[in-house]
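One structure is given here, and the rest of the page talks about it.
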Amino acid sequence: MKSLWNGRTVVLAAAVCAGMALTGQALTQTRPVAARVRTQALEASGATVPALSPARTTGRGRLAAEPVRLRTLSKKEVSPALEQSGFGQDAVRYGVDLYRLRYRTVDAEGRPTVASGLMVLPRNGERRLRMVSFAHGTQSYKEDAPSIGEDDFSSAPAITFGSAGFAAVTPDYLGLGEGPGTHPWMDVPSETTASLDMLRAARAFMAREGRVPQRKVLVTGFSQGASAALGLARALQDGADSFYRLGAVAPISGAYALRNAEIPALLAGREINPKLAVAYTTYLLVAWNRLHHLYGSPAEMFQAAYAGKVDRLFDGTTPGQEMLGALPDSIDQLLTPRGLDLLRHPSGPFAKALKAADGTCSGWVPRAPIRLYYGTGDEQAVTANTEHCRDAFQSNGLDLTPIDLGPHDYEGSRHLGTAVSGTAAIVDWFAHLPA
């Protein structure tokens, strides 16, 4: 799957399934005791990220395999590559080298594992480079991850930053790319640790190349990656790493308020494409059941026609179009009465997990420069999400006005359009911030 919130193939497939005339190709074993303990700990602490164990004692952030050079693009080749993916070329100054890094990190339960990610370095001869971390949007198919996917839409932001002279990293997250297991979707704690350890692995790799990252990290991300970006920003500000510090943060079109904004929009069926609403709802319940034990059997949540399929559809091995074709056209056709009731009236582990996920903008204030980007009319991450995030920061004394990226569609999607226009705005902003 090219992605749900980020790539292109799934949006097109959703449009076809729903009979919509969108142009382009847009859209893509439970551990009960440990999961309950993890949710309760997050709830009790009010934290949105887990305790970050020192890398020196866990091996986190160490390279787990020899880095793989994926390709080299000259300056002349960068612009056509970005244009093909719909991204702007105004910031292009250098050619780039693209690498896949495989590194040690921890899983959602804090156990050792490995993950992969994309690193882009500018071909500018500079030894010291400013570091950008870009967190990508939703993906459920392992082979669509930025470090291995064939669709440049996922790698274009990192290429944009690299060609502007930054060192750029894009973690694949847990369970995607070359990472084992399934992906814990919308789990900010594991997105944070995977992102932080990717930065550590990048520093180790850069040392081998005779290059050094600057300490201040410029953090950004799109859609699912917007929450991940805020989780990483908070961890960096709190001193989670002995070297890196937060330089700035600029998330794009995030789902910061699942309970009070995104889930109501999924259920209402007005702002969000109904087929996409079905896919997102299924992904959320399946992924979070693996973490938080929301149900004992899929048949409790999903109608009989789909209960036997949902785990396979979201285990990382099913391409996006196949996944969408196996799901119904509406949430009412997907869920049992109990499943619908859980979404409408969250309780138990689901309510606790939602509170943790929706806390990325609460309980802290970035001391580094911050900008929130969104797009009016976003058909996937409704704008009420950004309003909730703004209000949460303002309640802690941060005067913040979100930036509307305007009516820029990409292949029929306003949401994907914000990835394109947001990246262009942010690379320019980062370039003008003091080092």
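Residues in the sequence shown are numbered consecutively from 0, following numbering that gives the first Met the number 0. Cβ coordinates follow ideal geometry from the N, Cα and C atoms, glycine included.
Cβ neighbour criterion (16 or more within 10 Å) applied to residue i
i: THR181; result: buried
i: PHE242; result: exposed
i: LYS75; result: exposed
i: GLN332; result: exposed
i: ASP398; result: exposed
i: GLN320; result: buried
i: ALA25; result: With a pLDDT of 33 at ALA25, under the threshold of 50, the modelled position of that residue is not reliable, and the figure given next carries that caveat. With 16 or more other Cβ atoms within 10 Å, it is buried.
i: ARG343; result: exposed
i: SER420; result: buried
i: GLN223; result: buried
i: ASN288; result: buried
i: ASP240; result: buried
i: GLY89; result: Correcting the residue type first, residue 89 is Asp in the shown sequence and not Gly. Exposed: under 16 other Cβ atoms inside 10 Å.
i: GLY246; result: buried
i: PHE429; result: buried
i: THR137; result: buried
i: GLY480; result: The structure shown has nothing for residue 480, since the chain only spans 0 to 434.
i: ARG126; result: exposed
i: GLY411; result: buried
i: GLU177; result: buried
i: ARG413; result: buried
i: ALA434; result: exposed
i: SER394; result: exposed
i: ALA303; result: exposed
i: PRO273; result: buried
i: PRO183; result: buried
i: ALA193; result: buried
Beta-carbon separation (whole angstroms), residue i vs residue j, contact threshold 8 Å
i: PRO401; j: THR422; result: PRO401 to THR422, Cβ: 17 Å. No contact.
i: MET205; j: VAL168; result: Wrong, their Cβ atoms sit about 10 Å apart, outside the cutoff.
i: SER139; j: PHE349; result: Their Cβ separation, rounded to whole angstroms, is 20 Å, which puts SER139 and PHE349 out of contact at 8 Å.
i: ALA107; j: LEU195; result: So it is not a contact: roughly 14 Å between Cβ atoms.
i: PRO345; j: LEU432; result: Contact doesn't hold; Cβ gap of about 39 Å is too wide.
i: LEU290; j: TYR305; result: With 8 Å as the limit, LEU290 and TYR305 do not qualify as a contact, their Cβ atoms being about 21 Å apart.
i: ARG59; j: VAL113; result: With a Cβ gap of about 10 Å, ARG59 and VAL113 do not count as contacting.
i: ARG129; j: GLN213; result: 5 Å
i: ILE251; j: TYR409; result: Not quite, the Cβ-Cβ distance comes to about 13 Å (not below 8 Å), so this is no contact.
i: VAL248; j: PRO66; result: About 27 Å; that fails the 8 Å criterion.
i: ARG359; j: VAL187; result: This sequence places Thr at residue 359; Arg is not what is there. Going by Cβ atoms, the distance from THR359 to VAL187 rounds to 6 Å, so yes, they are a contact pair.
i: PHE152; j: SER84; result: 5 Å
i: ASP328; j: TYR255; result: Between TYR255 and ASP328 the Cβ distance is about 28 Å, and since that is not below 8 Å, they are no contact.
i: LEU62; j: LEU100; result: 7 Å
i: ALA228; j: VAL381; result: No, ALA228 and VAL381 are not in contact; Cβ-Cβ is about 19 Å, not under 8 Å.
Beta-carbon proximity check, residue i vs residue j, cutoff 8 Å
i: ALA315; j: LEU175; result: Looking at the sequence shown, residue 315 is not Ala but Gly. The answer is yes: Cβ separation under 8 Å.
i: LEU257; j: LEU334; result: no
i: SER115; j: ALA144; result: yes
i: GLY209; j: SER226; result: no
i: GLU378; j: ILE271; result: yes
i: LEU323; j: ALA383; result: no
i: TYR102; j: ARG68; result: no
i: LEU265; j: ALA276; result: yes
i: GLY416; j: GLY347; result: no
i: PRO170; j: MET197; result: yes
i: GLY238; j: GLU190; result: no
i: ARG221; j: ALA424; result: Residue identity differs from the one stated: residue 221 is Phe in this sequence, not Arg. No; because the gap between Cβ atoms is not below 8 Å, this pair is not in contact.
i: VAL309; j: PRO318; result: no
i: ALA64; j: VAL426; result: no
i: TRP363; j: ARG233; result: yes
Flag this pair as touching only if the segment 337–350 and the segment 187–202 have three or more C-beta atom pairs under 8 Å; answer yes or no.
Taking 8 Å as the limit for Cβ pairs, the verdict is that the segment 187–202 does not touch the segment 337–350.
Quick test of the definition: if touching needs 3 or more C-beta pairs under 8 Å, does the segment 68–84 touch the segment 153–162?
By the Cβ criterion, the segment 68–84 is in contact with the segment 153–162, since at least three pairs of Cβ atoms, one from each stretch, lie closer than 8 Å.
Taking contact to mean 3 or more Cβ pairs, one atom from each stretch, closer than 8 Å, check whether the segment 378–393 and the segment 202–217 are in contact.
By the Cβ test, the segment 378–393 is not in contact with the segment 202–217, since fewer than three Cβ pairs between them sit closer than 8 Å.
Scan the segment 229–304 and note each continuous beta strand (DSSP E) run of 3 residues or more that stays entirely inside, going in chain order.
Note on the segment 229–304: whole beta strand (DSSP E) runs with a minimum of 3 residues are 244–251, in chain order.
Any contact of the segment 117–136 with the segment 90–97, i.e. 3+ C-beta pairs under 8 Å?
Here the segment 117–136 lies against the segment 90–97, with 3 or more beta-carbon pairs under 8 Å apart.
Cβ contact check for the segment 405–420 and the segment 281–291: 3 or more pairs under 8 Å:
With a cut-off of 8 Å, the segment 281–291 and the segment 405–420 do not count as touching, because too few Cβ pairs lie within range.
In chain order, each alpha helix (DSSP H) run of at least 4 residues that lies wholly inside the segment 117–166
Given a length threshold of 4 residues, each whole run of the alpha helix (DSSP H) inside the segment 117–166 is given here in chain order: 151–162.
Give, in chain order, every unbroken run of the beta strand (DSSP E) that is at least 3 residues long and sits entirely within the segment 188–236.
Runs of the beta strand (DSSP E) inside the segment 188–236: 211–221.
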